[in-house]
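J.: Below is the structure I would like to discuss, written out as structure tokens.
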Amino acid sequence: MYTLPPLFYLIYAVMEPISMLSGFLYIIMSPEAFLAEQMPLTPEQTATLTPNAKASLLQLANCYLLLSMCSTAVLRSAGEECVVRRFLFALLLGDIGHVKADASFSEAHGSYFTYVAVGADYFFSPSEWNLLTHGNLTFTIFLFLSRCVYLLGWGGGNARSQGTIKAKSN
């Protein structure tokens, strides 16, 4: 049975599912606060939780819960490295989409990452970021980079491994 190297196991099978479960619980317990923390608001702005926004947040919460459960199940029970590698590659693509989802799309400026949505002053001042911004950017970028390290074979992952399919014997 294949097991991830200890550091990667800690990151992907423990820390990441706990992080996703935390996101699920935060949205379920306080969708208004979750919405308000997505982007910094000026004093005159308020985050309005419309029925559409609430439905979207609850769907996001469900995705967090689903990913947490899938990560836990796949990474703790996969018998072949190729299954783990393919799963981590899918999550790597999700990391890109997650950071890109924090983008602002402007007809005048094209598509830019988070710094356009929040403004350069805020983007280049990580000490001013709230916990949610760090979760959306810092932690996601960390996960992306660590997945690259693993998938390239550095730190214990085998970059050339395709895994083998073996029949279960009892």
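In terms of the numbering used here, the sequence shown is residues -11 to 158.
The C-beta atom is built at its ideal place from N, Cα and C for all residues, glycine as well.
Since residue 41 is in the alpha helix (DSSP H), which residue starts that stretch and which ends it?
T.: Translated into the one-based positions of the sequence shown, residue 41 becomes position 53. Taken as a continuous stretch (DSSP letters only), the alpha helix (DSSP H) holding residue 41 covers 39 to 65.
J.: Please say whether residue 74 and residue 1 have beta carbons closer to each other than 9 Å?
T.: On the sequence shown, residue 1 is found 13 positions in, with the first residue counted as 1. On the sequence shown, residue 74 is found 86 positions in, with the first residue counted as 1. Contact flag unset, no.
J.: Could you give the DSSP three-state label for residue 36: helix, strand or coil?
T.: Along the sequence shown, read from residue 1 onward, the residue named residue 36 stands at position 48. Coil.
J.: In three-state terms, what does DSSP make of residue -7?
T.: By 1-based counting over the sequence shown, the position of residue -7 is 5. Note: residue -7 maps to coil in three-state DSSP.
J.: With distances taken Cα to Cα, identify the nearest neighbour of residue 15 among 51, 66 and 133.
T.: Here residue 15 refers to the residue found at position 27 when the sequence shown is read from its first residue. The residue with the shortest Cα to Cα distance from residue 15 is 51.
J.: Under three-state DSSP, which class holds residue 11?
T.: Taking the first residue of the sequence shown as 1, we reach residue 11 at position 23. Looking at residue 11 - three-state DSSP - the assignment turns out to be helix.
J.: Which word fits residue 5, buried or exposed, when buried means at least 16 other C-beta atoms lie within 10 angstroms of its C-beta?
T.: By one-based count along the sequence shown, residue 5 stands at place 17. It is buried - the Cβ of residue 5 has at least 16 other Cβ atoms within 10 Å.
J.: By Cβ distance below 6 Å, which residues in the same chain neighbour residue 56 in space, the five residues on each side in sequence not counted?
T.: To locate residue 56, count along the sequence shown from 1; it is residue 68. Cβ neighbours of residue 56 beyond the five flanking positions: 5, 8 and 9.
J.: Out of 47, -4 and -10, state which residue places its alpha-carbon closest to the alpha-carbon of residue 138.
T.: To locate residue 138, count along the sequence shown from 1; it is residue 150. Comparing Cα-Cα distances from residue 138 to each of 47, -4 and -10, the minimum goes to -4.
J.: Where do the ends of the alpha helix (DSSP H) carrying residue 138 lie?
T.: Along the sequence shown, one-based indexing puts residue 138 at 150. Residues 128 to 139.
J.: Can the beta-carbon of residue 22 be found less than 9 Å from the beta-carbon of residue 120?
T.: As a working mapping, residue 22 is identified with position 34 in the sequence shown. As a working mapping, residue 120 is identified with position 132 in the sequence shown. Yes, the Cβ-Cβ distance between residue 22 and residue 120 is below 9 Å.
J.: Can you tell me whether residue 118 is helix, strand or coil according to DSSP?
T.: The sequence position of residue 118 within the sequence shown is 130, counting from 1. Residue 118: coil per DSSP, three-state reduction.
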